Amino acid sequence: MPNSSIIKDLKNKKIPPILVLHGEEPYFIDQITDYVEHHILDESEQSFDLSVYYGKDITARDITDLAGRYPVIASHQIIIIKEAQDFKEYSNLVSYAKNPTATTLLLLCHKQGKMDARTTFFKALKEKATIFESNKIPDYHLLDWVTKLFAAKKLHINQMHCSC
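Residue numbers for the sequence shown follow our numbering, so the first one is 124 and each next one is one higher.
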């Protein structure tokens, strides 16, 4: 699984200040997002140190204000921006990308395509952020991928059931 190294790092408490998930395959983006949202902080910490927003509903100033505060209970606070492809103020986050808060994990979930790597924001991310590109699984690899997915969950599926 292409996302396993990120989840492994998160399990080992290697939490980056910024995590960018982008690309055409939403499955891997959703899997990492789900892990961050439900497994890094315990239930009592989530009440105080987990914030989830949608890209169209938040401004750059809101993000920098949230990210600039310190966690209340946990060692890190987590800010998740779902549907980050709808966020239009990336240019206003360049200074934060260059100097993020160490006790904050800002997770940007950008589906429906890749982020533009030519932007100043994306270039600023390369120094401090972990960037994961979720590539679409080619049709000719789907059968093998589904078989491995089932095996990872200790389930068995034969090729006849996969090809229906």
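C-beta atoms are modelled at their ideal positions from N, C-alpha and C, and glycine is treated no differently.
Nothing here was measured: the structure is a model prediction, and the numbers come from that model.
Bounding residues of the alpha helix (DSSP H) (the contiguous stretch that carries His161):
Within the sequence shown, the letter at position 38 stands for residue 161. Here the alpha helix (DSSP H) through His161 covers 149-162.
Is Ile163 closer than 9 Å to Ile138 when the C-beta atoms are compared?
For this step, residue 138 is matched to residue 15 along the sequence shown. For this step, residue 163 is matched to residue 40 along the sequence shown. Cβ distance < 9 Å, so Ile138 and Ile163 count as in contact.
Cβ-based burial, Pro261 [other Cβ within 10 Å; buried from 16]
Position 138 of the sequence shown holds residue 261. The residue is exposed, with fewer than 16 neighbouring Cβ atoms inside 10 Å.
Suppose the cutoff is 6 Å on Cβ atoms and the five residues either side in sequence are ignored; what does the same chain contact list for Lys194 look like?
Locating residue 194 in the sequence shown gives position 71, where the first residue counts as 1. The question names Lys, yet the displayed sequence has Pro at residue 194. Excluding positions up to five away in sequence, the list reads Asp172, Gln200, Thr226.
For His145, write down the residues that DSSP places opposite it in a beta bridge.
Numbered from 1 along the sequence shown, position 22 holds the residue referred to as residue 145. Its beta-bridge partners are His233, Glu256.
Beta-carbon separation of Gly178 and Lys259 under 9 Å?
Along the sequence shown, read from residue 1 onward, the residue named residue 178 stands at position 55. Along the sequence shown, read from residue 1 onward, the residue named residue 259 stands at position 136. No, these two residues do not count as a Cβ contact at 9 Å.
At what residue ranges does the stretch 181-217 contain a whole run of the alpha helix (DSSP H), taking only runs of 4 or more?
183-191
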